[in-house]
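Encoded as structure tokens, the structure appears first; notes follow it.
Residue numbers (full-length UniProt numbering): 1 to 159.
Right, dumping it as structure tokens:
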């Protein structure tokens, strides 16, 4: 499926690109948008979102696939510089209702992260209490720092 979906969170965000805060449009091009994850206790947990509605990796175009690979490497390097992480995890599921739009989690794995939160255990850092969540101000700060390493894309690209 390539037409925007009214029930899709990512499609709604893509449609309102010019009004999104820095955390929702860290960088982007005609094919991809990088955003900070919401509902996480880990600063720098990013999400790579295709600009068009796609529900399966197999449906990415070759150009989207090439862009994804380069973006993952560049974002990983920026995360290392900004957060000091030891490595970056990448995961993709797109199963939750309203979030079926393909998206890739880019998770900075810090050197001191306890063993039970490493690997798939890192997903325990999603949906924390409100007090434990990364604030919008901190997300914006991380976003701007990462944008500084990746290069600024201030206006909506043409999909």
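From the three backbone atoms N, C-alpha and C, an ideal C-beta is built for every residue, glycine too.
Just the Cα atoms here: how many angstroms apart are residue 75 and residue 120? Walking along the chain shown from the start, residue 75 turns up at place 75. Walking along the chain shown from the start, residue 120 turns up at place 120. Distance between the alpha carbons of residue 75 and residue 120: 20 Å.
Using the Cβ count rule (16 or more neighbours within 10 Å means buried), how would you classify residue 50? Numbered from 1 along the chain shown, position 50 holds the residue referred to as residue 50. By the 10 Å Cβ count, residue 50 comes out buried.
Three-state secondary structure assigned by DSSP to residue 37: As a first step, residue 37 is located in the chain shown; it is residue number 37 there, counting from the start. Three-state result, residue 37: coil.
Would you mind working out which of 103, 135, 112 sits nearest residue 56, comparing C-alpha positions? For this step, residue 56 is matched to residue 56 along the chain shown. Just measuring C-alpha positions, the residue of 103, 135, 112 sitting nearest residue 56 is 103.
Distance, Cα to Cα, residue 116 vs residue 125? As a working note, residue 116 is residue 116 in the chain shown. As a working note, residue 125 is residue 125 in the chain shown. Going from the Cα of residue 116 to the Cα of residue 125 covers about 11 Å.
For the alpha helix (DSSP H) that contains residue 70, what are its first and last residues? As a position in the chain shown, residue 70 is number 70, starting the count at 1. 62–83 is the span of the alpha helix (DSSP H), which, as asked, contains residue 70.
With a cut-off of 8 Å on the beta carbons, I'd call residue 95 and residue 149 a contact; round off their distance for me. What you label residue 95 is simply residue 95 of the chain shown in a count that begins at 1. What you label residue 149 is simply residue 149 of the chain shown in a count that begins at 1. Wrong, their Cβ atoms sit about 31 Å apart, outside the cutoff.
Can you tell me which of 10, 140, 62, 16 puts its alpha carbon nearest to the alpha carbon of residue 48? Position 48 of the chain shown, counted from the start, is the residue given in the question as residue 48. Minimum Cα distance to residue 48 is reached at 10.
Contacts around residue 101, its chain only, beta-carbon distance under 8 Å, and the 5 residues preceding and following it disregarded: Along the chain shown, one-based indexing puts residue 101 at 101. For residue 101, where only same-chain residues beyond five positions count, the Cβ hits under 8 Å are 5, 8, 9, 10, 11, 49, 50, 53, 54, 55, 94.
Please report the straight-line C-alpha distance between residue 130 and residue 97, rounded to a whole angstrom. Translated into positions along the chain shown, residue 130 becomes position 130. Translated into positions along the chain shown, residue 97 becomes position 97. Their Cα atoms are separated by approximately 22 Å.
Mind checking residue 14: buried by the 16 CB within 10 Å criterion, or exposed? As a first step, residue 14 is located in the chain shown; it is residue number 14 there, counting from the start. Buried is the call here.
Delimiting residues of the beta strand (DSSP E) encompassing residue 106: Residue numbering aside, residue 106 sits at position 106 when the chain shown is read from its first letter. If you look at residue 106, you'll find it in the beta strand (DSSP E) that goes 104–109.
Tell whether a beta-carbon distance below 7 Å holds between residue 106 and residue 90. Along the chain shown, one-based indexing puts residue 106 at 106. Along the chain shown, one-based indexing puts residue 90 at 90. Closer than 7 Å, so yes.
Euclidean distance between Cα positions of residue 132 and residue 38: Counting from one through the chain shown, the residue named residue 132 turns up at place 132. Counting from one through the chain shown, the residue named residue 38 turns up at place 38. Roughly 12 Å between the two C-alpha positions.
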